[in-house]
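Peer 1:
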Amino acid sequence: MKCHLCVNSIELQTDPAGCDYVIVRGARRKEERWDAADARQLQPPAPEEKERLETDAMFRLERGEADRAALRRAGPTLAALQEAQSAWKDDFALNSRLRRRFRVSWGGAPPS
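Note that numbering that gives the first Met the number 0 has the sequence shown beginning at 0, numbered continuously upward.
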């Protein structure tokens, strides 16, 4: 591919086995690795854990209890986020009000 800032080209190869890409020429990798657990992101289960979830009923029950407990702990935070988001829900009315206020501040006649 061609660089959007200059006339040089960049060549990359995909590595499907490693879910990554390899830079062949024209660029260098900017390493910004992060751990999903540190960022409190949801992680897919490991293959061993996935197999155990499919076969072991007790493990599945314990895992379900842990997931429900995590949901109960996150409930207040989720409710606060939904409440904050609902304040901006009617964006058309907010935009109309803002445009009306802008017109009045510029000396235009307010709409009747």
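Quick reminder that beta carbons are idealized off the backbone N, C-alpha and C, glycines included.
1. Report all residues from its chain with a CB closer than 6 Å to the CB of Gln12; omit the five preceding and five following residues, and keep chain order.
2. Return the CA-CA distance between Ala36 and Leu60, expressed in angstroms with no decimal places.
3. Ends of the beta strand (DSSP E) at Glu64?
4. From what residue to what residue does the alpha helix (DSSP H) around Val103 run?
5. Going by the beta-carbon positions, is the gap between Cys2 and Ile9 smaller than 8 Å?
Peer 2: Answer, in terms of the structure:
1. Val21, Val23
2. Their backbone Cα atoms lie some 22 Å apart in a straight line.
3. First-last for Glu64: 56 to 85, but that is the alpha helix (DSSP H), not the beta strand (DSSP E).
4. 90 to 104
5. Yes. Within cutoff.
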